[in-house]
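Asker: When we follow our numbering, the leftmost residue of the sequence shown carries the number 1, and every step to the right adds one. We put the beta carbon where it would ideally sit given N, CA and C, even for glycine. Let me begin by handing over the structure; questions about it come next.
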Amino acid sequence: GAATRDRLRIAIQKSGRLAEPARKLLAACGLSWRESRDKLFCYGESLPVDLLLVRDDDIPGLIADGVCDLGVVGRNELDEQAGARAQVGLPQAYRELRGLGFGQCRLMLAVPEDWDWTGPAQLRGRGLRIATSYPSILSRWLQEQQIDAQVVELSGSVEIAPRLGTAELICDLVSSGATLKANQLKPVETLLESEAVLAGPVGGFDDARAALAQMLLRRMDGVLQVRE
Ligand code: ATP
Ligand code: ZN
């Protein structure tokens with residue numbers, strides 16, 4: 001994103017788990033906005049910091065393309081898309097600036113409840129299929145563990161894949177574990193400890209946005225410290 005701008009643009013989730021806590025955090029940093037009628041854009045009033053309300057999956061790409069300067073997104077989504085970029089030879093475009101202390105969850109491998117789990121080595125050489133929405137993080141883990149399983153990419157309802165017969169195991173986000181239990185699955189390995197993060201471009205900014213981002217980060221550090 002080479003365009004010069006004198007306002008900072010932050011992408012946050014429009015609705016969902018991270019939407020409300022992201023807005024609250026930014027408001028606690030002293031930001032206030034005027035909402036547009038279509039509720040996709042919030043014009044910053046107290047500071048030249050605007051919000052773009054989008055799907056969480058779109059946030060890493062919006063930063064990579066320079067459409068947004070910063071974003072509040074799950075580490076799971078950021079890491080997955082960074083891995084996918086790396087796999088096709090694209091340079092790293094964004095990085096995690098801060099962990100934000102909300103939206104905590106784990107990306108976990110889950111197996112049928114009746115399996116005796118002895119460890120990842122148990123999966124080797126069995127030609128198993130693993131359903132997930134995080135193919136890049138899962139593939140990297142399988143490689144590290146020297147497991148030759150097939151990754152079945154699903155965009156949603158991953159937990160029903162074993163019952164449908166499209167995979168034997170799954171790799172999915174877990175917070176309470178209730179969804180797994182309801183599907184007769186149990187979590188056995190953690191691939192990623194996730195939370196909401198503030199993401200920004202690898203390169204930083206070379207215009208008025210640099211000072212704005214710096215001020216926002218300083219305020220955010222203050223807010224996060226008090227919350228601890
Ligand atoms: P969108 O419409 O924005 O694509 P979504 O359905 O992908 O929404 P949510 O379910 O709101 O997104 O989850 C957003 C983020 O919340 C996840 O990427 C993850 O970082 C975090 N999260 C925390 N706990 C959980 C959980 N139990 N299941 C899924 N995500 C969770
Ligand atoms: Zn999403």
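As an exercise, report each continuous beta strand (DSSP E) stretch of at least 3 residues that is fully enclosed by the region 169-200, in chain order.
Answerer: Listed in chain order, they are 169-174, 185-194.
Asker: Please list the terminal residues of the continuous beta strand (DSSP E) segment that includes alanine 131.
Answerer: It spans 129-132 - the beta strand (DSSP E) in which alanine 131 sits, taken as one unbroken run.
Asker: Within this structure, are the beta carbons of aspartate 69 and arginine 209 separated by less than 8 Å?
Answerer: In this structure, arginine 209 lies closer than 8 Å to aspartate 69 by Cβ.
Asker: Taking 7 Å as the cut-off, is the CB of arginine 55 close to at least one heavy atom of the ligand ZN?
Answerer: Yes, since a heavy atom of the ligand ZN falls inside the 7 Å radius drawn around the Cβ of arginine 55.
Asker: Let me confirm a value: alanine 211 is counted as buried when at least 16 other C-beta atoms fall within 10 Å, else exposed. Which label applies?
Answerer: That one is exposed.
Asker: Within 7 Å: the Cβ of arginine 17 and any heavy atom of the ligand ATP?
Answerer: Arginine 17: yes, Cβ under 7 Å from the ligand ATP.
Asker: Work out the CA separation of isoleucine 10 and valine 73 for me, nearest whole Å.
Answerer: Taking the straight line from one Cα to the other gives about 11 Å.
Asker: Tell me whether asparagine 183, by its Cβ, gets closer than 7 Å to a heavy atom of the ligand GTP.
Answerer: As far as ligands go, the structure on display features the ligand ATP and the ligand ZN and does not contain the ligand GTP.
Asker: Whose C-alpha, out of Val158, Lys24, Val197, Tyr134, is nearest the C-alpha of leucine 182?
Answerer: Note that residue 182 is alanine in the sequence shown, not leucine. Cα-wise, what sits closest to alanine 182 is Val158.
Asker: What residues in its chain sit with their C-beta under 8 Å from that of glutamate 77, if we drop five residues either side in the sequence?
Answerer: Taken in chain order, the residues that qualify are Asp56, Asp57, Ile59, Pro60.
Asker: Does arginine 227 pass the burial test, meaning 16 or more other C-beta atoms within 10 Å, or should it be called exposed?
Answerer: Label assigned to arginine 227: exposed.
Asker: Suppose contacts are defined by Cβ-Cβ distances below 8 Å. Is leucine 100 in contact with valine 197 by that definition?
Answerer: Yes, the pair counts as a contact, with Cβ atoms nearer than the cut-off.
Asker: Could you tell me whether the Cβ atoms of leucine 238 and glycine 16 are closer together than 8 Å?
Answerer: The displayed coordinates of the chain run from 1 to 228. Any statement about residue 238 would go beyond what the structure contains.
Asker: Within a Cβ cutoff of 8 Å, which residues of the same chain sit near isoleucine 170, ignoring the five residues on either side of it in sequence?
Answerer: Taken in chain order, the residues that qualify are Leu109, Ala110, Ile130, Ala131, Thr132, Val158, Glu159, Ala161, Pro162, Leu185.
Asker: Can you name, in chain order, every residue of its own chain whose Cβ lies under 6 Å from the Cβ of alanine 84, other than the five neighbours on each side?
Answerer: Answer for alanine 84: Ser136, listed in chain order.
Asker: Once DSSP output is grouped into helix, strand and coil, what is the label at glutamine 13?
Answerer: DSSP places glutamine 13 in strand when its eight states are reduced to three.
Asker: In this structure, how does DSSP classify arginine 124 when only helix, strand and coil are distinguished?
Answerer: In the structure shown, arginine 124 sits in coil (DSSP, three-state: anything other than H, G, I, E or B).
Asker: Does glutamine 87 come out as helix, strand or coil in the three-state DSSP assignment?
Answerer: Looking at glutamine 87 - three-state DSSP - the assignment turns out to be helix.
Asker: Using beta-carbon positions only, say whether arginine 75 and leucine 192 come within less than 8 Å of one another.
Answerer: Yes; because the gap between Cβ atoms is below 8 Å, this pair is in contact.
Asker: As an exercise, report each continuous beta strand (DSSP E) stretch of at least 3 residues that is fully enclosed by the region 56-109, in chain order.
Answerer: For the region 56-109, whole beta strand (DSSP E) runs of length 3 or above, ordered along the chain, are 70-74, 94-99.
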